[in-house]
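Reading through the structure tokens given below for one structure.
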Amino acid sequence: MATANSSNILSSTFYPTGIPGYEEFHHWISIPFCLLYLVGIMGNCTILHIVRTDPRLHEPMYYFLAMLSLTDMGMSLPTMTSLFRVLWSISREIQFNTCVVQMFFIHTFSFTESSVLLAMALDRYVAICHPLRYATILTPTLITKIGIAALLRSALPVIPLLARLAFFPFCHSHILSHSYCLHQDMIRLACADTKFNVIYGLVLITLLWGMDSLGIFVSYIFILHSVLKISSQEGRFKALNTCASHICAVLILYVPMIGLSVVHRFAKHSSPLIHIFMAHIYLLVPPVLNPIIYSVKTKQIRQGILHLLFPLRISSSVM
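Per this note's numbering: the sequence shown = residues 387 to 705.
As structure tokens, this is what we get:
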């Protein structure tokens, strides 16, 4: 009985990993991570502020961009505390309940971001293929429903997956492969039959990411078909240029996501540094690069940032 109780107490504490072999440099390694988090947070908060305060940006495309910024922060912020706790040698312990909450936010918002990218692809499809009906199809009510549906569609299927972890005994190592909790990492430590979690997780990824990526692909087939009907080369280029930022955002999310999944499933015995490197790219690259790409490629966002930074100069030039 005492053994069982001690096992339960032990199983409630896990130990995130920093950069193996470079523990003495953790304080220095934390500097680029801190800068990346700072750039990501400031960039996405700036996008949200500009979309909220500029009436000219109260359009479907920018509402979806605001959703993308929210999901980017929702994906990266839950990992920030545990990462810096490890790198700054504050604590290497994380409780099971905290771990589950962290996993819920990471996996939910990664699925939500995929759904938002699908919604943005549909937005580009309507804007290019049905421009005269754009405002009547993508109404604020419909956009709100899409946002709520994307969040519920991503959050609800994750709950059974994480709830089962509460019934798993973790009687072996409690050392995590990363500085935060991931479901595929946790089930590797369980000394129980995890077949349901493995199959359910694989089916969930295939259905959600698969359906989203297929929807994005089909949307762009229709977009290209419509663009090729435009007579002028300038018109075709202008239409495709409105999709450039979205295509970059899709690649930024899916390439690291696929890379991380492949590494976890087919390169289990590779160097731990590869797993850690891919995991941090997966969580940090989209929040950092998406605001930069949309600021560079989208004129209205760029003007909003300039107005935010140099309000007097922009106002005087307008007058």
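Virtual Cβ for every residue (Gly too), placed ideally from N, Cα, C.
Which of helix, strand or coil does DSSP assign to Y448?
-> Against the sequence shown, residue 448 aligns to sequence position 62. Correct three-state label for Y448: helix.
Give the range of the alpha helix (DSSP H) segment to which F696 is assigned.
-> Walking along the sequence shown from the start, residue 696 turns up at place 310. Here F696 belongs to no alpha helix (DSSP H), and DSSP marks it neither H nor E.
Three-state secondary structure assigned by DSSP to F400 | Taking the sequence shown and counting its residues from 1, the one referred to as residue 400 is at position 14. F400 falls in the strand class under three-state DSSP.
Does the distance from the C-beta atom of L551 to that of A576 stay below 9 angstroms?
-> If you number the sequence shown from 1, residue 551 lands on position 165. If you number the sequence shown from 1, residue 576 lands on position 190. Cβ atoms of L551 and A576: closer than 9 angstroms.
DSSP three-state assignment for I616, whether helix, strand or coil = Along the sequence shown, one-based indexing puts residue 616 at 230. Coil.
Compute the distance between the beta-carbons of K330 and A625, then report whether it is under 9 angstroms.
-> Past the boundaries of the shown model lies residue 330; the chain is included only from 387 to 705, so the question cannot be answered.
For W414, the first and last residue of its enclosing alpha helix (DSSP H) = Numbered from its first residue, the sequence shown carries residue 414 at position 28. Per DSSP, W414 belongs to the alpha helix (DSSP H) from H412 to T439.
How big is the Cα-Cα spacing for I395 and S565?
-> The sequence position of residue 395 within the sequence shown is 9, counting from 1. The sequence position of residue 565 within the sequence shown is 179, counting from 1. A caution first: I395 carries a pLDDT of 42, below 50, which makes its placement in the model too unreliable to give a value.
Starting from C485 and walking both ways along the alpha helix (DSSP H), at which residues does that stretch end?
-> Here residue 485 refers to the residue found at position 99 when the sequence shown is read from its first residue. That run of the alpha helix (DSSP H) goes F482 to C515.
Closest by C-alpha distance to Q689, when choosing among P406, I433 and S599 | For the purposes of this step, residue 689 is taken as residue 303 along the sequence shown, with counting starting at 1. Q689 has its Cα closest to that of I433, out of P406, I433 and S599.
Considering only C-alpha positions, which residue in the set C485, I687, E479 and H632 is nearest to S500?
-> Sequence index remark: in the sequence shown, residue 500 carries index 114 (1-based). The shortest Cα separation from S500 among C485, I687, E479 and H632 belongs to H632.
Quick one: is N430 buried, meaning 16 or more other Cβ sit within 10 Å of its Cβ, or exposed?
-> Numbered from 1 along the sequence shown, position 44 holds the residue referred to as residue 430. N430 comes out buried.
Can you tell me whether DSSP reads I405 as helix, strand or coil?
-> Locating residue 405 in the sequence shown gives position 19, counting from the first residue. Three-state DSSP puts I405 in coil, outside helix and strand.
Under a Cβ-count criterion, where at least 16 other Cβ atoms within 10 Å of its own Cβ denotes burial, should Q619 be classed as buried or exposed?
-> Position 233 of the sequence shown holds residue 619. Q619 should be labelled exposed.
Below 7 angstroms CB to CB, which residues in the same chain sit around I609 once its five sequence neighbours on both sides are set aside?
-> In the sequence shown, counting from the first residue as 1, residue 609 sits at position 223. If we look at I609 and ignore the five residues flanking it on each side, its Cβ neighbours are R510, Y511, I514, C515 and C629.
Return the chain-ordered list of same chain residues with a C-beta closer than 6 angstroms to the C-beta of C567, the five sequence neighbours on each side being excluded.
-> Taking the first residue of the sequence shown as position 1, residue 567 is located at position 181. Closer than 6 angstroms at Cβ, skipping near neighbours: C485, Q488 and M489.
Sort P441, P555 and F663 by Cα distance to L646 and report the nearest one.
-> Here the question's residue 646 lines up with position 260 in the sequence shown. Measuring from the Cα of L646, the nearest candidate turns out to be F663.
Work out the CA separation of V641 and S559 for me, nearest whole Å.
-> Numbered from 1 along the sequence shown, position 173 holds the residue referred to as residue 559. Numbered from 1 along the sequence shown, position 255 holds the residue referred to as residue 641. Their Cα atoms are separated by approximately 30 angstroms.
Reduced DSSP secondary structure (H/G/I, E/B, other) of I532 | For the purposes of this step, residue 532 is taken as the residue at position 146 of the sequence shown. If DSSP states are grouped into helix, strand and coil, I532 belongs with the helices.
Residue range of the alpha helix (DSSP H) that Y668 falls in?
-> Numbered from 1 along the sequence shown, position 282 holds the residue referred to as residue 668. Where Y668 is concerned, the enclosing alpha helix (DSSP H) stretches over P658 to K683.
With burial defined as no fewer than 16 other Cβ atoms inside 10 Å of the residue's Cβ, what is the status of D579: buried or exposed?
-> Translated into the one-based positions of the sequence shown, residue 579 becomes position 193. Exposed.
So, R471 versus Y401, is the Cβ gap smaller than 9 angstroms?
-> By one-based count along the sequence shown, residue 471 stands at place 85. By one-based count along the sequence shown, residue 401 stands at place 15. Contact: no.
In the DSSP assignment, find the unbroken alpha helix (DSSP H) run with P546 in it and report its ends.
-> As a first step, residue 546 is located in the sequence shown; it is residue number 160 there, counting from the start. V544 to A549 is the extent of the alpha helix (DSSP H) around P546.
Quick one: measure Cβ to Cβ for A505 and I532, integer angstroms, because I've assumed they're closer than 8 angstroms.
-> Translated into positions along the sequence shown, residue 505 becomes position 119. Translated into positions along the sequence shown, residue 532 becomes position 146. Contact flag correct, Cβ pair sits at about 5 angstroms.
Tell me whether P446 is buried or exposed, calling it buried when 16 or more other Cβ atoms sit within 10 Å of its Cβ.
-> Mapped onto the sequence shown, residue 446 falls at position 60. The residue is buried, with at least 16 neighbouring Cβ atoms inside 10 Å.
Beta carbon of I691 nearer than 9 angstroms to that of Y448 | Locating residue 691 in the sequence shown gives position 305, where the first residue counts as 1. Locating residue 448 in the sequence shown gives position 62, where the first residue counts as 1. Not in contact: I691 and Y448 (Cβ atoms no closer than 9 angstroms).
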